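K.L.:
Submitted below is the structure of interest, expressed as structure tokens.
Number of protein chains: 2
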Amino acid sequence: MKKRQQLNDLIDMAAGRKDADLLITNCKVIDVYNQLIVDGPLAIGHGKIVGYGADYTAKEIIDANGGYVLPGLIDGHVHIESSSLTPPQFARCILPFGTTTVIADPHEIGNVCGLDGIRYMLEASRKTPLNVQIMLPSCVPATPYEQAGCTLEAEDLVKLINEPGVKGLGEVMDYPSVINHDEKMMNKLWMAKDHDRVIDGHSPGVTGKNLTAYVMGGIMTDHECSTQQEMLERIRLGQYVLLREGSTCKDLLNLLSAITPANARRCVLCTDDREPADILATGHINKSLRLAVENGLDPLMAISLATLNAAECFRLKDKGAIAPNYDADLLIVDNLKDFTAKHVFVAGKEIARDGKLLVEWPDYISDTVLNTVRLPKLIAQSFTLPLSTEKVNVIGVKPGSVVTTHLQIEVNKDSEGNFDARLNPGLNKLAVIERHHATGNIGLGILANYGLKDGAIAVSVAHDSHNLVVVGDNDADMLAAVKDVEAMGGGFSLCQNGRVLANLALPVAGLMSDKPAQDVADALHNMIKVAKESFGINPDAHPLMTLVFMTLPVIPELKLTSTGLFDVKAYQPIELCIK
Amino acid sequence: MKKRQQLNDLIDMAAGRKDADLLITNCKVIDVYNQLIVDGPLAIGHGKIVGYGADYTAKEIIDANGGYVLPGLIDGHVHIESSSLTPPQFARCILPFGTTTVIADPHEIGNVCGLDGIRYMLEASRKTPLNVQIMLPSCVPATPYEQAGCTLEAEDLVKLINEPGVKGLGEVMDYPSVINHDEKMMNKLWMAKDHDRVIDGHSPGVTGKNLTAYVMGGIMTDHECSTQQEMLERIRLGQYVLLREGSTCKDLLNLLSAITPANARRCVLCTDDREPADILATGHINKSLRLAVENGLDPLMAISLATLNAAECFRLKDKGAIAPNYDADLLIVDNLKDFTAKHVFVAGKEIARDGKLLVEWPDYISDTVLNTVRLPKLIAQSFTLPLSTEKVNVIGVKPGSVVTTHLQIEVNKDSEGNFDARLNPGLNKLAVIERHHATGNIGLGILANYGLKDGAIAVSVAHDSHNLVVVGDNDADMLAAVKDVEAMGGGFSLCQNGRVLANLALPVAGLMSDKPAQDVADALHNMIKVAKESFGINPDAHPLMTLVFMTLPVIPELKLTSTGLFDVKAYQPIELCIK
Numbered sequence: 008m009k010k011r012q013q014l015n016d017l018i019d020m021a022a023g024r025k026d027a028d029l030l031i032t033n034c035k036v037i038d039v040y041n042q043l044i045v046d047g048p049l050a051i052g053h054g055k056i057v058g059y060g061a062d063y064t065a066k067e068i069i070d071a072n073g074g075y076v077l078p079g080l081i082d083g084h085v086h087i088e089s090s091s092l093t094p095p096q097f098a099r100c101i102l103p104f105g106t107t108t109v110i111a112d113p114h115e116i117g118n119v120c121g122l123d124g125i126r127y128m129l130e131a132s133r134k135t136p137l138n139v140q141i142m143l144p145s146c147v148p149a150t151p152y153e154q155a156g157c158t159l160e161a162e163d164l165v166k167l168i169n170e171p172g173v174k175g176l177g178e179v180m181d182y183p184s185v186i187n188h189d190e191k192m193m194n195k196l197w198m199a200k201d202h203d204r205v206i207d208g209h210s211p212g213v214t215g216k217n218l219t220a221y222v223m224g225g226i227m228t229d230h231e232c233s234t235q236q237e238m239l240e241r242i243r244l245g246q247y248v249l250l251r252e253g254s255t256c257k258d259l260l261n262l263l264s265a266i267t268p269a270n271a272r273r274c275v276l277c278t279d280d281r282e283p284a285d286i287l288a289t290g291h292i293n294k295s296l297r298l299a300v301e302n303g304l305d306p307l308m309a310i311s312l313a314t315l316n317a318a319e320c321f322r323l324k325d326k327g328a329i330a331p332n333y334d335a336d337l338l339i340v341d342n343l344k345d346f347t348a349k350h351v352f353v354a355g356k357e358i359a360r361d362g363k364l365l366v367e368w369p370d371y372i373s374d375t376v377l378n379t380v381r382l383p384k385l386i387a388q389s390f391t392l393p394l395s396t397e398k399v400n401v402i403g404v405k406p407g408s409v410v411t412t413h414l415q416i417e418v419n420k421d422s423e424g425n426f427d428a429r430l431n432p433g434l435n436k437l438a439v440i441e442r443h444h445a446t447g448n449i450g451l452g453i454l455a456n457y458g459l460k461d462g463a464i465a466v467s468v469a470h471d472s473h474n475l476v477v478v479g480d481n482d483a484d485m486l487a488a489v490k491d492v493e494a495m496g497g498g499f500s501l502c503q504n505g506r507v508l509a510n511l512a513l514p515v516a517g518l519m520s521d522k523p524a525q526d527v528a529d530a531l532h533n534m535i536k537v538a539k540e541s542f543g544i545n546p547d548a549h550p551l552m553t554l555v556f557m558t559l560p561v562i563p564e565l566k567l568t569s570t571g572l573f574d575v576k577a578y579q580p581i582e583l584c585i586k
Numbered sequence: 008m009k010k011r012q013q014l015n016d017l018i019d020m021a022a023g024r025k026d027a028d029l030l031i032t033n034c035k036v037i038d039v040y041n042q043l044i045v046d047g048p049l050a051i052g053h054g055k056i057v058g059y060g061a062d063y064t065a066k067e068i069i070d071a072n073g074g075y076v077l078p079g080l081i082d083g084h085v086h087i088e089s090s091s092l093t094p095p096q097f098a099r100c101i102l103p104f105g106t107t108t109v110i111a112d113p114h115e116i117g118n119v120c121g122l123d124g125i126r127y128m129l130e131a132s133r134k135t136p137l138n139v140q141i142m143l144p145s146c147v148p149a150t151p152y153e154q155a156g157c158t159l160e161a162e163d164l165v166k167l168i169n170e171p172g173v174k175g176l177g178e179v180m181d182y183p184s185v186i187n188h189d190e191k192m193m194n195k196l197w198m199a200k201d202h203d204r205v206i207d208g209h210s211p212g213v214t215g216k217n218l219t220a221y222v223m224g225g226i227m228t229d230h231e232c233s234t235q236q237e238m239l240e241r242i243r244l245g246q247y248v249l250l251r252e253g254s255t256c257k258d259l260l261n262l263l264s265a266i267t268p269a270n271a272r273r274c275v276l277c278t279d280d281r282e283p284a285d286i287l288a289t290g291h292i293n294k295s296l297r298l299a300v301e302n303g304l305d306p307l308m309a310i311s312l313a314t315l316n317a318a319e320c321f322r323l324k325d326k327g328a329i330a331p332n333y334d335a336d337l338l339i340v341d342n343l344k345d346f347t348a349k350h351v352f353v354a355g356k357e358i359a360r361d362g363k364l365l366v367e368w369p370d371y372i373s374d375t376v377l378n379t380v381r382l383p384k385l386i387a388q389s390f391t392l393p394l395s396t397e398k399v400n401v402i403g404v405k406p407g408s409v410v411t412t413h414l415q416i417e418v419n420k421d422s423e424g425n426f427d428a429r430l431n432p433g434l435n436k437l438a439v440i441e442r443h444h445a446t447g448n449i450g451l452g453i454l455a456n457y458g459l460k461d462g463a464i465a466v467s468v469a470h471d472s473h474n475l476v477v478v479g480d481n482d483a484d485m486l487a488a489v490k491d492v493e494a495m496g497g498g499f500s501l502c503q504n505g506r507v508l509a510n511l512a513l514p515v516a517g518l519m520s521d522k523p524a525q526d527v528a529d530a531l532h533n534m535i536k537v538a539k540e541s542f543g544i545n546p547d548a549h550p551l552m553t554l555v556f557m558t559l560p561v562i563p564e565l566k567l568t569s570t571g572l573f574d575v576k577a578y579q580p581i582e583l584c585i586k
């Protein structure tokens, strides 16, 4: 139907001259503008809100059983790849919880597949009822010391800025480049400014004049606040603050009591990174609402964070409220405490009820994001680590953290003068293999306090360049694990005596499975169990997350990339052997 | 300076690597985002806010003497023409009070001069430091029963939509056309929607399903709420509500206590129509702030209405807050009670201090808006009013109101069978002369309860078509007054015995003087004095405003246009003589 005829029709419905398509009766509607609760019914037509609280009639009726109707929830910042799920599977996972819109930064797949990866996320998202708004990743690669699959400059990003579903520029993690107005970074910011787009920020710990300079660059949001002082300073400077409740980073409760009736409009909710098991067990943005209300936030104010405020922040003009001509993206809950979604609607169509999807949509994988694990020919000897000294720089695992410690240790060499983990109890060998262009680059290092015995673990997810990380106590199992990951086209693999004990294929960019969330959650759970039981890994360390963050050269203290050890404090490469 | 170099410079200033241009010291800065007061100093560079509350340095320093620095005030809806001042003179009048941005609907000049009139307002505004954002008038002519100077359809308005300074579509007064989706109205709405623009509303008294249908059309604001119920309903439907404090329509205090911390973000301040004497005596938007705070609104919340909220409503991305890279439009006040502007800055330059302008700008009048009073050849007999019956429909003046009463009276005819006011004490003759195209159309009628004796008054300001209205007790003085207005190219004229007792030239479209506000205020004051003293006009009636609203066929009950009497309740023309 032509848009003009549709609007005329909606005006007729609103005026009561024509039946609406759907009427939700026996409901209480959340008015996010006044933060009031208004009696229904609520009329819907052409997938849009018609009106509520008047004697509307419609062809179809749904009885809400006295429930509260909320605007569909909005996640202000998420990396879908971190769920290990493709967009269609991710949509299946979160829609039943009432999240109907996400602002997604495909930073991870961007590092692997560049523009093709972003195009895939756009195309795959369009096949789902989930409204995915893409922020173009601003920092690919994240640092000049990484060998990512691609480099994305302003002249690359501009090719996608006018694509439907592209909203702005993703989190600008490289804050020194903004504060020092480096030309390449400024080109990206101007690309977004010239198209009048939103620019997301990321500035943990930055404060005072440096923060002011960063905001001056045009950075409009921050989701990295961990203290109330950081939050109030960012709001004062005009940024929106996205209060994060992720699987690892949980800032919402720390920040909650800094929300006031005055500044609430500048506050939004987000997840950033959530694991599928965690989502399935506790919910999504509705979990954040539940936590916020449990901890004292007014329920109607909390709802405004997850709806109207996010819509204003990201300029989603048809989202975030229940008002005439807004998209009929809705959820119905029984109470304003646990926010369990009883019904979820997208564009006026009920798509989930009582946590179960009512509609299906196809999976989608493009050839452009498959077969991304491209390795040189490897043999066990590829991992040989000759030592010119006994004293070496060693990466120490810090349990429960992605930060590492920088150790200096004397190690035992084998008869050939090489490092052998079996001669050094408590130590493992670590390798990072460039996996995008089969360059043959392999960074080798030594890991302490991880405690892997009799085997190896390899992963193709490793922030932010997503090279292949393998750790083990013998080269044969390291090779077996790498080969298994290679054969799967990416994923996680645990090998012992040349045999695969457990694995999970992540064929999409080496980052995402095309299996449902529950399958992925089960596989991850099983691998962790096997790693602890069969490999004796340090029970306080996360066997997989430890590896996934082992390569990120912006997290202290010592990291390993495909070009070797990196001293994060000195912000430069460092030799393994201490002369 | 190129915009990129300027931004790099500003980043350097913000980071403290480079001196700012100006530092305002000894000040308290209003943080509208948190609604908090933060200690200065405040640094400004390249006309932009650099930062505040840190140890900035600058080439120039202004000591604010402990004052509060506010973002420049924004008037959310004004008809500049109603001040009788050209844009340059209007800017001179209001800038010293701290209003630095106005959202202006040039509806009046649009009715006289069409697109040329709007172009004039744009050009004239650009010559001043006042930021004038134009909403293209949506209802020219206001009704099909008026003979305006021009007709503006969507295909006309679109020619100006992308002009710098054009923000959206002006108040859609013709709400029945929206509710019934009349094609010509929908064309205008789609013109604005297709360009992603703001659409202003005007829907006094409309409620329920009709209001919902009106909002469905895309109408985003309303400045006509007179009750709290109207206000809350409009906010609930997603509109911004502009709380009006005009010279005649004063809604602010009626609505004030319906503002809550939750809905305040959807509230904005506006003046709509203010007379120059009133502005000079009491202030502008700072008067609204003073009233609001006097009557209990939190001062910081009040400021947010006049700044951040207006900027969000009208998408003024660089206005409405004191934050990095925002325009340095500022005012400094000694306290948050009377809001007397001590210093006013536009784009970082101090333009007024202690109520006096520090800078000058040229007047500007274009030939395209001069000589707009185009009359046929008139003689005294042009006003001859033959009566076929004694009983006639008469317009009754309702003192202190623009509403009239519809009277049916038996009148005395002269020997020729015509109406003569001198034979009918208490009655006057009224004429509306089409003045745009010299068509010769003259509507004639009889006015009761105005009480003009021994003379005539003529005006070229008459809503909304601005034809020439003249009232008198004899045809000779009516002709003299009309001739005087014609000779001035528009204005007000009071004539007695063929002599001009007082007048005010309004040569710009017959609506605006090019004289300073004080001169215009004095002239208006003098005319009212003369009208009451020399003409004995009803002391409870406004001699001029009564005439200015005499032609508007949407205000009850009986009105006169250039084509004759109009019965507003029946919404159709009506004969003078009752058969």
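Chains A and B, in that order, are what the protein sequence lines are. First residue of the first sequence? That's 8 in our numbering, and the numbers climb one at a time after it. First residue of the second sequence? That's 8 in our numbering, and the numbers climb one at a time after it. Where is the CB? At the ideal position from N, CA and C, for every residue including glycine. Nothing here was measured: the structure is a model prediction, and the numbers come from that model.
If I follow the unbroken alpha helix (DSSP H) through SER541(A), where does it start and stop?
P.N.:
Position 534 of the first sequence holds residue 541(A). 524-542 is the span of the alpha helix (DSSP H), which, as asked, contains SER541(A).
K.L.:
Answer with yes or no whether the minimum CB distance from HIS114(B) to chain D is below 8 Å.
P.N.:
Of the chains in the structure shown, none is chain D; the protein chains are A and B.
K.L.:
In the DSSP output, which residue or residues are listed as bridge partners for SER500(B)?
P.N.:
As a working mapping, residue 500(B) is identified with position 493 in the second sequence. BP columns for SER500(B) point to ALA465(B) and ASN510(B).
K.L.:
Would GLY117(B) and MET142(B) be called neighbours here (beta carbons separated by less than 8 Å)?
P.N.:
Within the second sequence, numbered from 1, the residue matching residue 117(B) stands at position 110. Within the second sequence, numbered from 1, the residue matching residue 142(B) stands at position 135. Taking 8 Å as the Cβ cut-off, GLY117(B) and MET142(B) do not qualify as a contacting pair.
K.L.:
Along the stretch 349-373 of chain A, what residues have a CB closer than 7 Å to any CB found in chain B?
P.N.:
If you check each beta-carbon in the stretch 349-373 of chain A against every beta-carbon of chain B, none falls closer than 7 Å.
K.L.:
For ASP16(A) versus LYS10(A), is the C-beta distance shorter than 8 Å?
P.N.:
In the first sequence, counting from the first residue as 1, residue 16(A) sits at position 9. In the first sequence, counting from the first residue as 1, residue 10(A) sits at position 3. Their beta carbons are not under 8 Å apart, which means ASP16(A) does not touch LYS10(A) by this criterion.
K.L.:
Name the chain B residues that come within less than 8 Å of GLY224(A), Cβ to Cβ?
P.N.:
What you label residue 224(A) is simply residue 217 of the first sequence in a count that begins at 1. The answer, in chain order, is LEU14 and ILE18.
K.L.:
Can you give me, in chain order, the residues of the stretch 262-276 of chain B that have a beta carbon less than 8 Å from any beta carbon in chain A?
P.N.:
THR267, PRO268, ALA269, ASN270, ARG272 and ARG273
K.L.:
Using a 10 Å radius around the Cβ and a threshold of 16 neighbouring Cβ atoms, would you call ASN378(B) buried or exposed?
P.N.:
The residue labelled residue 378(B) in the question sits at position 371 within the second sequence. Under this definition ASN378(B) is an exposed residue.
K.L.:
In chain A, which residues lie less than 9 Å from VAL45(B) when you measure between Cβ atoms?
P.N.:
Residue mapping note: residue 45(B) aligns to position 38 of the second sequence, counting from 1. Among the residues of chain A, those whose CB is under 9 Å from the CB of VAL45(B) are ARG243, following chain order.
K.L.:
Counting contacts by CB-CB distance shorter than 8 Å, is MET193(B) in contact with chain A?
P.N.:
Mapped onto the second sequence, residue 193(B) falls at position 186. Taking Cβ atoms only, chain A reaches closer than 8 Å to MET193(B), which makes this a yes.
K.L.:
Are there three or more Cβ pairs, one per stretch, closer than 8 Å when the stretch 537-556 of chain A is compared with the stretch 503-523 of chain A?
P.N.:
yes
K.L.:
Quick check: ILE186(B) and TYR152(B), are their CB atoms within less than 8 Å of each other?
P.N.:
Position 179 of the second sequence, counted from the start, is the residue given in the question as residue 186(B). Position 145 of the second sequence, counted from the start, is the residue given in the question as residue 152(B). Pairing ILE186(B) with TYR152(B) gives a Cβ-Cβ distance that is not under 8 Å.
K.L.:
Taking Cβ positions, are ALA317(A) and ILE81(A) nearer each other than 8 Å?
P.N.:
Translated into positions along the first sequence, residue 317(A) becomes position 310. Translated into positions along the first sequence, residue 81(A) becomes position 74. Yes, these two residues count as a Cβ contact at 8 Å.
K.L.:
Could you give the distance in angstroms between the alpha-carbon of ALA149(B) and the alpha-carbon of MET495(B)?
P.N.:
As a working mapping, residue 149(B) is identified with position 142 in the second sequence. As a working mapping, residue 495(B) is identified with position 488 in the second sequence. Spanning the two alpha carbons is a distance of roughly 26 Å.
K.L.:
Measure the alpha-carbon distance for GLU38(B) versus LEU250(A) and round it to whole angstroms.
P.N.:
One-based indexing of the second sequence puts residue 38(B) at position 31. One-based indexing of the first sequence puts residue 250(A) at position 243. Rather than Glu, the amino acid found at residue 38(B) in this sequence is Asp. The straight-line gap from Cα to Cα measures roughly 21 Å.
K.L.:
Taking 8 Å as the cut-off, decide whether the C-beta atoms of HIS209(A) and GLU231(A) are in contact.
P.N.:
Position 202 of the first sequence, counted from the first residue, corresponds to residue 209(A). Position 224 of the first sequence, counted from the first residue, corresponds to residue 231(A). Against a cut-off of 8 Å, the Cβ pair of GLU231(A) and HIS209(A) comes out as a contact.
K.L.:
Could you tell me the boundaries of the beta strand (DSSP E) in which ASP82(A) lies?
P.N.:
In the first sequence, residue 82(A) corresponds to position 75, counting from 1. From DSSP, the beta strand (DSSP E) with ASP82(A) extends over 80-85.
K.L.:
Note the first and the last residue of the continuous beta strand (DSSP E) segment covering THR107(B).
P.N.:
The sequence position of residue 107(B) within the second sequence is 100, counting from 1. Note, THR107(B): beta strand (DSSP E), 106-111.
K.L.:
Let me check understanding here. Comparing Cα to Cα, which of MET519(B), ILE464(B) and ALA524(B) lies closest to GLN503(B)?
P.N.:
Within the second sequence, residue 503(B) is the residue found at index 496, counting from 1. Checked all of MET519(B), ILE464(B) and ALA524(B); the closest Cα to GLN503(B) is ILE464(B).
K.L.:
Shortest alpha-carbon distance to GLY462(A) belongs to which of ALA469(A), ASN456(A), THR267(A) and VAL477(A)?
P.N.:
For this step, residue 462(A) is matched to residue 455 along the first sequence. Of the listed residues, the one whose Cα sits closest to GLY462(A) is VAL477(A).
K.L.:
Within 8 Å, do at least three Cβ pairs link the stretch 155-162 of chain A to the stretch 565-575 of chain A?
P.N.:
no
K.L.:
Near VAL248(B), which residues of its chain fall below 8 Å by C-beta distance, leaving aside the five closest residues on each side in sequence?
P.N.:
Stepping through the second sequence from its first residue, residue 248(B) is reached at position 241. THR228, ASP229, HIS230, CYS232, MET238, ARG241, ILE242, LEU262, ARG273, CYS274 and VAL275, listed in sequence order.
K.L.:
Please check if any C-beta of chain A sits within less than 8 Å of the C-beta of LYS66(B).
P.N.:
Residue mapping note: residue 66(B) aligns to position 59 of the second sequence, counting from 1. With respect to chain A, the C-beta atom of LYS66(B) has no partner C-beta closer than 8 Å.
K.L.:
If you check the beta carbons only, do ASP305(A) and PRO95(A) fall under 8 Å apart?
P.N.:
Here the question's residue 305(A) lines up with position 298 in the first sequence. Here the question's residue 95(A) lines up with position 88 in the first sequence. No, the Cβ-Cβ distance between ASP305(A) and PRO95(A) is not below 8 Å.
K.L.:
In whole angstroms, give me the CA-to-CA distance for ALA131(B) and GLY54(B).
P.N.:
For the purposes of this step, residue 131(B) is taken as residue 124 along the second sequence, with counting starting at 1. For the purposes of this step, residue 54(B) is taken as residue 47 along the second sequence, with counting starting at 1. Near 22 Å, if we compare the C-alpha coordinates of GLY54(B) and ALA131(B).
K.L.:
Could you give the DSSP three-state label for TYR59(A): helix, strand or coil?
P.N.:
Within the first sequence, residue 59(A) is the residue found at index 52, counting from 1. The three-state secondary structure of TYR59(A), taken from DSSP, is strand.
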